[in-house]
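Colleague: Residue numbers (the numbering used here), protein chains in the order written: chain C, 376 to 657; chain Z, 2 to 411.
Cβ atoms here follow ideal geometry from the backbone N, Cα and C, with glycine treated the same way.
Owing to the predicted nature of the structure, the values given are computational and were not obtained by experimental measurement.
I'd like to ask you about the structure that follows.
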């Protein structure tokens with residue numbers, strides 16, 4: 376089984392009444408009826424070591440960095456000893472397109488396409504769209520040289536990331552796995568799809584999570600340990616945010632662990648108390 | 002640990018639809034690069050060439066015959082045809098446990114334009130924003146053929162730029178070796194040879210603006226960037242004992258895999274090639290291979306100034322003086338760079354070199370570069386004893402992944 380060495384879930388304050396989140400780009404009334412977003416602007420979400428990195432990251436990528444970079448202390452000793460001994464296992468969808476330029480170019484004549492595209496879009500825009508770039512930036516910032524995987528299944532990406540991390544830990548490919556995921560409302564199409572996929576009573580929330588796993592014996596069946604849905608949905612990052620949010624007092628996870636212990640000899644140790652303070656995001 | 006063999010493959014590429022045609026044209030040194038101005042893009046477009054799969058020859062996958070080919074996503078058609086070819090050797094009733102596929106589907110520029118047009122009328126297809134739809138298409142093919150229904154959670158779609166194809170193979174290799182799975186469908190598809198994707202790479206300075214069929218020139222001194230390509234390849238990976246029990250064709254073994262990161266820069270590899278050398282060493286170690294056992298290397302070989310030089314450095318660092326005796330080929334000289342599909346397509350090329358005992362050529366290599374001074378099998382294929390092939394992929398973002406293939410032994 377893996378041991379959760381460190382974990383962190385970032386989510387907006389949920390004590391406020393969920394707001395309707397509108398996208399002005401569309402002529403029709405496109406909105407997520409119940410949404411929770413971080414109050415911070417993009418550049419306030421995380422302090423990046425190299426300011427140039429902001430150019431290649433959208434809001435979701437910045438949220439991933441905000442969660443992942445906080446793992447530095449727990450990973451540093453391993454990375455210093457052998458940077459190849461740590462891997463990144465990430466669940467993330469595509470980054471944001473340049474919505475305004477896309478709208479402006481709907482009816483651009485083909486002869487004017489290249490010139491218009493060049494004039495409207497930053498050369499760095501494409502980097503924001505590539506789904507592996509935030510995880511790559513995380514590897515760059517933390518100095519991680521082990522494997523990096525990027526999973527995209529809209530429902531099971533977090534499970535795929537956890538399973539591969541578990542596999543690599545058990546195989547001895549890595550000594551620690553940084554498993555991470557993020558979701559934001561920056562992309563209207565992804566947000567609307569996510570919103571339509573859950574009951575209307577649920578709040579669609581931005582969120583990010585990161586867990587550091589280390590090997591600790593037998594195989595962990597992550598599928599059986601994923602907490603159930605609540606009234607909040609974090610898109611592709613759902614399972615990891617819920618997992619990272621759980622603690623030893625969380626009855627649902629405790630029950631799951633207890634059940635697995637009895638049936639499958641699976642257990643998880645909660646995050647060390649010393650890291651508990653990092654769970655609060657302000 | 003179980004041995005993992007390849008028991009089926011299929012490919013759709015700019016130089017051939019189906020393995021027989023691809024094989025023939027690859028060894029003949031054909032180029033899939035063609036002019037695109039006036040057809041795919043306007044006459045004033047800054048990029049003049051791409052390696053496209055000719056749509057007029059593509060047809061529709063048999064399994065998708067009820068869908069309108071004009072509206073079926075190109076990735077489904079490419080991946081579907083490659084998958085149907087791979088499955089030709091898999092009888093009904095033989096179950097596939099998982100699909101691991103590299104795709105680039107999901108939200109795109111075109112999809113946004115589509116959403117602006119269709120949102121108000123409520124005709125926008127929200128499902129098209131999910132990146133796993135192509136895997137669902139592949140699952141449908143398996144179901145229709147009687148190869149079982151792969152569960153939702155065993156459909157693993159990855160998108161890690163240029164290393165995605167190799168990683169799809171590596172993920173399945175591990176699970177089959179360990180006994181978690183018996184059989185998996187792996188591969189990659191990229192069907193994004195379109196104006197906006199070309200502009201994205203052009204604005205980043207990655208594409209060549211050279212003209213003509215010779216624009217992709219890996220390891221040649223006059224190389225100036227990559228040619229955008231597209232295609233799909235699907236492989237069946239299977240535990241050897243299961244393959245033998247059903248009398249399946251053994252097309253080769255997958256014996257080693259690795260994945261590393263540069264942790265350096267997004268768009269440029271490390272000058273010391275540490276991440277790349279780490280990946281090559283780890284893959285050979287995983288394969289239990291000595292340097293001397295490597296017969297050939299299928300290079301990442303993109304035709305960009307920096308990548309080709311750094312890959313050469315990495316090969317020399319790992320193999321030392323032996324590097325000069327190991328043939329290094331670049332399939333991208335013929336089919337351009339199909340990013341997330343590249344690793345899977347190069348896997349098929351590697352397996353064909355093992356089968357045919359012949360090295361594919363690196364075409365358009367006319368000007369030797371002092372920084373690239375290995376044997377790149379320039380311009381013409383040649384016969385060789387090929388027992389083990391190392392296939393490299395080094396990707397955008399600083400990821401590296403290598404796979405080692407071995408000739409199937411009786």
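1. Between the C-alpha atoms of residue 467 (chain C) and residue 126 (chain Z), what's the straight-line distance to the nearest angstrom?
2. If you follow the beta strand (DSSP E) that residue 191 (chain Z) is in, where does it begin and where does it stop?
3. Return the chain-ordered ranges of every beta strand (DSSP E) run that is complete within the segment 231 to 261 of chain Z and spans a minimum of 3 residues.
4. Residue 130 (chain Z) versus chain C: which residues are under 8 Å apart at the beta carbon?
5. Show which residues of chain Z have a CB atom less than 9 Å away from the CB atom of residue 402 (chain C).
6. For residue 365 (chain Z), count neighbouring C-beta atoms within 10 Å of its own C-beta (all shown protein chains included) and say buried if the count is 16 or more, exposed if not.
7. Compare the C-beta of residue 15 (chain Z) against all C-beta atoms of chain C and say whether one is closer than 8 Å.
8. With DSSP as the reference, please indicate the residues paired to residue 403 (chain Z) in a beta bridge.
9. Using C-beta distances below 6 Å, list every residue in its chain close to residue 61 (chain Z), excluding the 5 sequence neighbours before and after it, in chain order.
10. Alpha carbon to alpha carbon, how far is residue 484 (chain C) from residue 497 (chain C)?
11. Do the segment 390 to 401 of chain Z and the segment 251 to 264 of chain Z make contact, defined as three or more Cβ pairs closer than 8 Å?
12. Near residue 161 (chain Z), what residues of its chain come up, given a Cβ to Cβ distance below 7 Å and the 5 sequence neighbours on each side ignored?
13. Going by C-alpha distance, which of C:491, C:559, C:607, C:404 is nearest residue 392 (chain C)?
14. Given a cut-off of 8 Å, decide if residue 613 (chain C) and residue 533 (chain C) are closer than it, judged by their beta-carbon atoms.
15. Give me the residue from Z:166, Z:31, Z:138, Z:248 with the minimum Cα distance to residue 92 (chain Z).
16. Which chain D residues sit within Cβ distance under 8 Å of residue 285 (chain Z)?
17. Which same chain residues end up closer than 6 Å to residue 2 (chain Z) when comparing Cβ atoms and leaving out the 5 residues on each side of it in sequence?
18. Terminal residues of the continuous beta strand (DSSP E) containing residue 382 (chain C)?
19. Ignore the nearest five residues each way along the sequence and tell me which others in residue 610 (chain C)'s own chain have a CB closer than 6 Å to its CB.
20. Starting from residue 156 (chain Z), follow its DSSP beta bridges and name the residues at the other end.
21. Measure the C-alpha to C-alpha separation of residue 656 (chain C) and residue 414 (chain C) and round it to an integer number of angstroms.
22. Contact defined as beta carbons within less than 8 Å: I believe residue 234 (chain Z) pairs with residue 342 (chain Z). What is the distance between those atoms, to the nearest angstrom?
23. Can you tell me the Cα-Cα spacing of residue 395 (chain C) and residue 539 (chain C), whole angstroms?
24. If you measure between the beta carbons of residue 1 (chain Z) and residue 87 (chain Z), is that distance less than 8 Å?
25. Spatial neighbours of residue 282 (chain Z) within its chain, please: CB distance less than 7 Å, with the 5 preceding and 5 following residues excluded, ordered by chain position.
26. Against chain C, does residue 157 (chain Z) count as a neighbour if the rule is that its beta carbon must be under 8 Å from one of theirs?
27. Suppose you measure from the CA of residue 647 (chain C) to the CA of residue 380 (chain C); what does that come to, to the nearest Å?
28. Whole angstroms is fine: what's the gap from residue 388 (chain C)'s alpha carbon to residue 578 (chain C)'s?
29. Taking beta-carbon pairs under 8 Å, can you tell me which members of the segment 502 to 517 of chain C lie near chain Z?
30. Which class does residue 422 (chain C) belong to by DSSP, given the choice of helix, strand or coil?
31. Which residues bound the alpha helix (DSSP H) around residue 279 (chain Z)?
32. Mind listing which residues of the segment 471 to 485 of chain C have their C-beta closer than 8 Å to chain Z's C-betas, in chain order?
33. Against chain Z, does residue 377 (chain C) count as a neighbour if the rule is that its beta carbon must be under 8 Å from one of theirs?
34. Would you identify the three-state DSSP class for residue 588 (chain C), choosing helix, strand or coil?
35. Nearest by alpha-carbon distance to residue 21 (chain Z): which of Z:218, Z:83, Z:373 is it?
36. Within the continuous beta strand (DSSP E) that includes residue 601 (chain C), where are the two ends?
Modeller: With the structure as the only source:
1. 21 Å
2. 184 to 191
3. 232 to 240
4. 564, 565, 568
5. 117, 120, 121
6. buried
7. no
8. Z:259, Z:393
9. 70
10. 20 Å
11. yes
12. 168, 396, 400
13. C:607
14. yes
15. Z:248
16. Among the protein chains of the structure shown, namely C and Z, there is no chain D.
17. 178
18. 377 to 385
19. 558, 569
20. Z:100
21. Low confidence applies here, because residue 656 (chain C) scores a pLDDT of 27, under 50, leaving its location unreliable and the question unanswered by this model.
22. 7 Å
23. 37 Å
24. Only positions 2 to 411 of chain Z appear in the structure, and residue 1 (chain Z) is not among them; the question remains open.
25. 319
26. yes
27. Here residue 647 (chain C) scores only 33 on pLDDT, less than 50, and its place in the model is too uncertain to base an answer on.
28. 12 Å
29. 502, 504, 505, 506, 507, 508, 510, 511, 512, 514, 515, 517
30. coil
31. 275 to 288
32. 472, 474, 477, 478, 480, 481, 485
33. no
34. strand
35. Z:83
36. Segment: none, residue 601 (chain C) is in no beta strand (DSSP E) and carries neither H nor E.
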